[in-house]
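Enquirer: Dropping the structure in here first, questions after.
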Amino acid sequence: MSEKTMFDIVEAVALFFLNPLFIAVLFTAVGVGYFRVKKERRSFKVRLLPGLTELKRLLAESWPYALVLSVLISGAGLLADPGWLVLFSASALIALLTFYYKVTSPIYFASAAFFALYFIEKYMANFSFRGWTPGQADLLGDLAVTIPVIAGLFLIVEGLLIRRHTIRYASPSLMHTNRGLRAAAFKTKRLWLLPVVFLVPGDMISAFLPYWPQFTFGESAFSFVPVPVIIGFSQVARSLYPDVLFPKIGRAIVWTGGIVVIVGLAALWLPILGWVALLLGVVCRAAISITASVRDRQGGFAVAPRPAGVVIAGVVPGSPGEKMGLLPGEYIRAVNGLQVSNEKELYDAIQLNAAHCRLQVIDRNGEVRLMQQVIYRHDHHRLGLLVVR
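Here my numbering is used: the sequence shown runs in plain steps of one and ends on residue 507.
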């Protein structure tokens, strides 16, 4: 293999990793973890998860979905216009840098890129970039089907990620109630990176990268292009527990994605339905976020102080508290036979028998549970509990 061939291959692979969106999401994930830890320490003087958790989970949870999406998109022959891909990534980068992750859903990026193509075609028909012109994007033809279907698939994946990977990372913080008391609210701010392979028609890619993977079908040429796709989620849970609210949001998003895919496929017979599918997806996704936030603010705090007992706001992973199955919202009424009503009394009662701890816990349904756990020297001295103070 010649030196030039090796250089072209390395350049092709580097295109993905040098994508500004890929680089930005790495730094952003670090920032999200850093500010989360600062907020947790401000409320509880201890952090729930390490600061690099968001960075480590950026790809670990999403790569199977990216693989399935790549197979579906390429296998079904869902073509993506090069101009749309550029605008898609640009929209995602702008949304990411706002640090407002309620707008980092791929349905917004896909729709913004699609309608931006329409305006470019209408008002900048003579625009050209490296051989690409707006006239190549058939917005009332193939793209009216493929883009809505791809956007719908992204929505389904977004919903599945929210259902399965947000509860564990809900970060508690203390807030003041209307009565001046302190209660706990839970905020999840997550980012996922999906390296998705798109199928791009034409020889625009191979013209600049001769050894980029390409195949022909009849007289048409196609290239496989890996693009970083980001999915963001941000939501506060106050009146409902995170393990109740977040799965509901995830299910609603999955159903929305399914509807967008179905309406997008109907564009095979009536192309304008592809446009309708994208608008429907945007409206429904925004409505899900707005409705969840409004309803959550209307209710009281699910994790609030009790007349007697210490209310649990969070449990450190791997701690004795997690081993005992303690959950946010439950409260501890007695430790080692002593009634407790605040954090200091909880700690003092644990020290009475530091090797073997017995708890009387009132669960979310008001039922009493008796728990016990052997405490080792390396275990958290407060059972790994973050409590409402």
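C-beta atoms are modelled at their ideal positions from N, C-alpha and C, and glycine is treated no differently. Quick caveat, the model's predicted, so the values are computed rather than measured.
Alpha carbon to alpha carbon, what distance is there between R154 and L317?
Expert: Each residue's alpha carbon lies about 38 Å from the other.
Enquirer: So the alpha helix (DSSP H) F140 belongs to, where does it begin and stop?
Expert: That run of the alpha helix (DSSP H) goes 138 to 162.
Enquirer: Between the Cα of L488 and those of M442, F140, E463, spot the shortest distance and give me the residue it belongs to.
Expert: The candidate whose alpha carbon is nearest that of L488 is M442.
Enquirer: Rank L470, G427, S437, P435 by C-alpha distance to the C-alpha of V486 and give the top, closest one.
Expert: Minimum Cα distance to V486 is reached at G427.
Enquirer: Roughly how many angstroms separate the alpha carbons of T222 and Q491, rounded to a whole number?
Expert: Taking the straight line from one Cα to the other gives about 42 Å.
Enquirer: With distances taken Cα to Cα, identify the nearest neighbour of G484 among D466, H474, I450, V458.
Expert: Closest by alpha carbon: I450.
Enquirer: With 16 as the cutoff for other CB atoms within 10 Å, does P438 come out buried or exposed?
Expert: Buried.
Enquirer: Considering just the uninterrupted stretch of the beta strand (DSSP E) at W310, what are its terminal residues?
Expert: Taken as a continuous stretch (DSSP letters only), the beta strand (DSSP E) holding W310 covers 300 to 319.
Enquirer: Name the residue from L177, Q353, V379, D414 whose alpha carbon lies nearest to the alpha carbon of I285.
Expert: Nearest option by C-alpha distance: Q353.
Enquirer: Work out the CA separation of Q469 and L214 for me, nearest whole Å.
Expert: About 47 Å.
Enquirer: Where do the ends of the beta strand (DSSP E) carrying Y449 lie?
Expert: Element bounds for Y449: 449 to 453.
Enquirer: Figure out for me which residue from L197, G375, A301, N454 has the closest Cα to the Cα of L278.
Expert: Measuring from the Cα of L278, the nearest candidate turns out to be G375.
Enquirer: What does the alpha-carbon distance come out to for the pair G455 and L504?
Expert: Cα to Cα, G455 sits roughly 21 Å from L504.
Enquirer: Taking three-plus beta-carbon pairs below 8 Å as touching, is the stretch 364 to 375 in contact with the stretch 183 to 202?
Expert: With the cut-off at 8 Å, the stretch 364 to 375 and the stretch 183 to 202 do not touch.
Enquirer: Please state if the CB of T146 and the CB of A198 are separated by a distance shorter than 8 Å.
Expert: No. Outside cutoff.
Enquirer: For G151, tell me which candidate among S161, L166, I141 has the shortest Cα-Cα distance.
Expert: Looking at the Cα atoms, L166 is the closest of the given residues.
Enquirer: E239 to V506, Cα distance in whole Å?
Expert: Taking the straight line joining both Cα atoms gives about 57 Å.
Enquirer: What residues in its chain sit with their C-beta under 7 Å from that of V60, if we drop five residues either side in the sequence?
Expert: The structure shown does not extend to residue 60, since the chain spans only 119 to 507, so no value can be given for it.
Enquirer: State buried or exposed for A385, treating a residue as buried only when at least 16 other CB atoms are found within 10 Å of its CB.
Expert: Per the 10 Å Cβ criterion, buried.
Enquirer: Determine which residues share a DSSP beta bridge with I430 and list them.
Expert: V505.
Enquirer: Would you kindly work out how many angstroms separate the C-alpha atoms of Y236 and V401, rounded to a whole number?
Expert: One C-alpha to the other measures close to 19 Å.
Enquirer: Give a yes or no on contact between the stretch 405 to 421 and the stretch 379 to 397, applying the rule of three or more CB pairs nearer than 8 Å.
Expert: In short, these stretches do not touch, since the Cβ pair count stays below three.
Enquirer: For L477, is the classification buried or exposed, using 16 other Cβ atoms within 10 angstroms of its Cβ as the cut-off for buried?
Expert: It counts as buried.
Enquirer: On a CA-only basis, which of K163, P266, I225, F232 is nearest V381? Give me that one, please.
Expert: The shortest C-alpha separation from V381 is found at P266.
Enquirer: Just the C-alpha distance for A269 and Q457, rounded to the nearest angstrom, thanks.
Expert: Between A269 and Q457, the C-alpha separation is close to 55 Å.
Enquirer: Quick one: complete alpha helix (DSSP H) runs, 4+ long, within the stretch 364 to 436?
Expert: Whole alpha helix (DSSP H) segments, 4+ residues: 390 to 416.
Enquirer: Which residue wins for smallest C-alpha separation from L358, given the options A288, N471, N460?
Expert: Nearest of A288, N471, N460 to L358, Cα basis: A288.
Enquirer: Which two residues bound the contiguous alpha helix (DSSP H) that contains I265?
Expert: Taken as a continuous stretch (DSSP letters only), the alpha helix (DSSP H) holding I265 covers 261 to 283.
Enquirer: Where DSSP assigns a beta bridge to Q469, which residues make up the other side?
Expert: For Q469, which the question treats as bridged, DSSP gives no partner whatsoever.
Enquirer: Run through DSSP, which three-state label would V458 get?
Expert: Here V458 sits in coil by DSSP.
Enquirer: Which of the three DSSP states is assigned to P346 in this structure?
Expert: Strand at P346.
Enquirer: So, for W310: in the same chain, excluding its five sequence neighbours on each side, which residues have a beta-carbon less than 6 Å away from its beta-carbon?
Expert: Here the set comprises S180, L279, I349.
Enquirer: Go ahead and label G201 buried or exposed: buried means 16 or more other beta carbons lie within 10 angstroms of its beta carbon, across all protein chains shown.
Expert: By the 10 Å Cβ count, G201 comes out buried.
Enquirer: Using the rule of at least 16 other Cβ atoms within 10 Å of the residue's Cβ for burial, across every protein chain shown, is I225 buried or exposed?
Expert: It counts as buried.
Enquirer: Which of helix, strand or coil does DSSP assign to L197?
Expert: Residue state, collapsed to three classes: strand.
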